[in-house]
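Listed in order, the protein sequences are those of chains F and X.
Counting along the first sequence from 1, when you hit position 88 you're at 87 in numbering that gives the first Met the number 0, and nothing is skipped either side.
Counting along the second sequence from 1, when you hit position 58 you're at 57 in numbering that gives the first Met the number 0, and nothing is skipped either side.
Ideal Cβ positions, reconstructed from N, Cα and C, are used throughout, including at glycine.
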Amino acid sequence: MVEGFISRGFRGRRRQPNNAQLPPGQYETKGFPVLSAGPTPHVPLSEWDFTLVGEIDEAKRWSWEEFQALPSEEITKDIHCVTKWSKFGTRWGGVSVDTLLGNVETSAAYVTAFCDGGYTTNLPLEDVTGGKAWVAYAYDGEPLEPAHGGPARLLVPHLYFWKSAKWVRGLSLLSHDEPGFWESLGYHNYGDPWREQRYQGD
Amino acid sequence: MDEQLKLDGNAAAGSLGEVFPFEMTMAEVVCDHCASENFVGALMVYQPPMTLGTVVRCPGCDNVLMRVVHNSGHYWLEMRGARHLRIPDGSSVAAGEAAAEE
C-alpha cells in the first residue's frame, strides 16, 4: 500500500495532470527544442525587410532599422508545439501585428506569413490582430538566435507553434484562405492546442 | 546547428520506402528549380526528432523536392519541386544477378 501511494505521487508530479497551463496531449519542457524544415537562412540585416502585401492599397515596407524604431512590446507567453512539447512563460520582445497594420485599410480576412527559406503559414486576420500576434526579434532579453527564427519570427502563442513562422519577412493579406507549408500537407488549418487541432479532421 | 538537423538521403529513402514498393536509395530525382539530378541517397533531408514530417531538399539549390507526412492514418506526399523520379524496378538488378550466375 505504501509503495502504491509513493508511485502515484511521483507519477502525478511528472504528468502534471492538474496543470491548467498544459493543453491536452502536451508535456512541459524546460528546454527549447529546435525544429526546422530546412537550412537556417543567413540574411544580412542590411538586406532584411518586412513587408505587407496583398489586399491593401499600397504595399508597406520596413527596413531593419525602421522596424527597430517601431513601438515594441515585452511579451510573456506559454508556447505549445504540435510535436507535444509546451514551454511556459517564454519572454519575447517585438512589434505587435496591430502596430504594423495600424493605418492599413484592407478587405482581407486571412493572412499568409512568408519567410526566408520558402516557409509559409496561414492564419485568419482576426487571429493576428487584437493583441494576439507579434513579430518578435528578441528572446529572453537577447537578440533572437537564428536557430529559433532570428532575426525575426512571427509569434502567435495561442496557436500551435508551427504558426509562429521562423525567419518571417512579411504578411500577405488575402481575401481567401491559402493553406501554408504544413497546412497543405495534412496538418490542421487552424491549430488550436486547447482543442488539440493537430491534423486535418481533428 | 544546421548539421544537427540535416540528415543524408538514406533517411528520405526510409520515408519514401513506406509509400513506394521499391528500394528508393537509387531512385533519381531531377530538381524542378535547378535541373540537377541526384540519387535519393544523396539528397538533403530535414527530419529531426519530433519533426512534423520529412522535407527533402536539393543538395545544389536547397529547393524543396518532396515532402512526406504520415498522420491520422494517411500518407501525404507532395512533389511539386521534383521534375520527375526515375525509380529502378529491380528487374535490371535481377537480370544482372542472373547473368552473374551464368
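Assumed close pair residue i, residue j - CB separation to whole angstroms, cut-off 8 angstroms
i	j	result
valine 155/F	alanine 132/F	5 angstroms
proline 38/F	aspartate 61/X	6 angstroms
valine 189/F	tyrosine 198/F	Sequence check: residue 189/F is tyrosine here, not valine. Their Cβ separation, rounded to whole angstroms, is 12 angstroms, which puts tyrosine 189/F and tyrosine 198/F out of contact at 8 angstroms.
valine 134/F	phenylalanine 31/F	Actually they are not in contact, since the Cβ atoms of valine 134/F and phenylalanine 31/F sit about 19 angstroms apart, beyond 8 angstroms.
glycine 130/F	serine 95/F	7 angstroms
Cβ neighbours of residue i in the same chain (closer than 7 angstroms, five flanking residues each side left out)
i	result
arginine 85/X	Ala26 and Glu27
arginine 10/F	Summary for arginine 10/F: the model assigns pLDDT 44, below 50, so the residue's position carries little reliability; its value from the coordinates is reported in the next sentence. Closer than 7 angstroms at Cβ, skipping near neighbours: no residue.
threonine 105/F	Glu54, Ile55 and Leu172
proline 123/F	Ala108 and Tyr109
histidine 79/F	Pro22, Gln25, Ser85, Tyr159, Phe160 and Pro192
glycine 200/F	none
Residue i: contacting residues in chain X (beta-carbon distance under 8 angstroms)
i	result
tryptophan 161/F	Leu51
glutamine 199/F	Ser71
tryptophan 166/F	The premise fails here: tryptophan 166/F is roughly 13 angstroms from chain X at the closest Cβ pair, so nothing lies under 8 angstroms.
tryptophan 193/F	Neighbours of tryptophan 193/F on chain X: none; closest Cβ ~19 angstroms, over 8 angstroms.
tyrosine 186/F	Leu51, Val68 and Asn70
tryptophan 181/F	Leu51, Gly52 and Val68
Contacts of residue i in chain X (Cβ-Cβ under 9 angstroms)
i	result
valine 81/F	Leu51
leucine 170/F	Neighbours of leucine 170/F on chain X: none; closest Cβ ~21 angstroms, over 9 angstroms.
Beta-carbon contacts of residue i that lie in its chain and below 8 angstroms, excluding the five residues immediately before and after
i	result
proline 142/F	Tyr136, Gly149 and Pro150
methionine 0/F	Legend: pLDDT at methionine 0/F = 38, less than 50; position of this residue unreliable, no value from coordinates given.
threonine 24/X	Gly8, Asn9, Ala12, Phe38, Val39 and Gly40
phenylalanine 21/X	Ile86, Pro87, Asp88 and Gly89
valine 75/X	In the sequence as presented, valine is not what sits at residue 75/X; that position holds tryptophan. If we look at tryptophan 75/X and ignore the five residues flanking it on each side, its Cβ neighbours are Gly52, Arg66, Val67, Val68 and His69.
alanine 58/F	Thr50, Leu51 and Val52
beta-carbon residue i near the ligand FAD non-hydrogen atom, thresh 8 angstroms
i	result
valine 96/F	As presented, the structure is devoid of all ligands, the ligand FAD included, so that no description of it is given.
Chain-ordered neighbours of residue i on chain F, where CB pairs are closer than 7 angstroms
i	result
serine 54/X	Per the sequence shown, residue 54/X should be read as valine rather than serine. In chain order: Ala36 and Gly37.
Cβ shell of residue i (< 6 angstroms), same chain only, five flanking positions each side left out
i	result
arginine 12/F	Caution applies to arginine 12/F, whose pLDDT of 46 falls short of 50 and renders its modelled position unreliable; the value that the coordinates give is listed next. Around arginine 12/F: no qualifying Cβ.
serine 35/X	Gly59
Which full runs of the beta strand (DSSP E) of 3+ residues lie inside the stretch 2-54 of chain X, going along the chain?
27-30, 36-38 and 43-45
When Cβ atoms are compared, which residues of the stretch 122-147 of chain F fall closer than 7 angstroms to chain X?
Ala146
Quick one: which residues of the stretch 59-85 of chain X get their C-beta closer than 7 angstroms to a C-beta of chain F? List them in chain order.
Asp61, Val63, Arg66, Val68, Asn70, Ser71, His73, Trp75 and Glu77
At which residue ranges does the stretch 10-79 of chain F contain complete beta strand (DSSP E) runs of 3 or more residues, listed in the order of the chain?
48-53, 59-62 and 72-79
Please go through the stretch 154-200 of chain F and give each complete beta strand (DSSP E) segment of 3 or more residues, from N-terminal end onward.
167-173
Uninterrupted beta strand (DSSP E) stretches inside the stretch 114-142 of chain F (no shorter than 3 residues):
119-123 and 133-138
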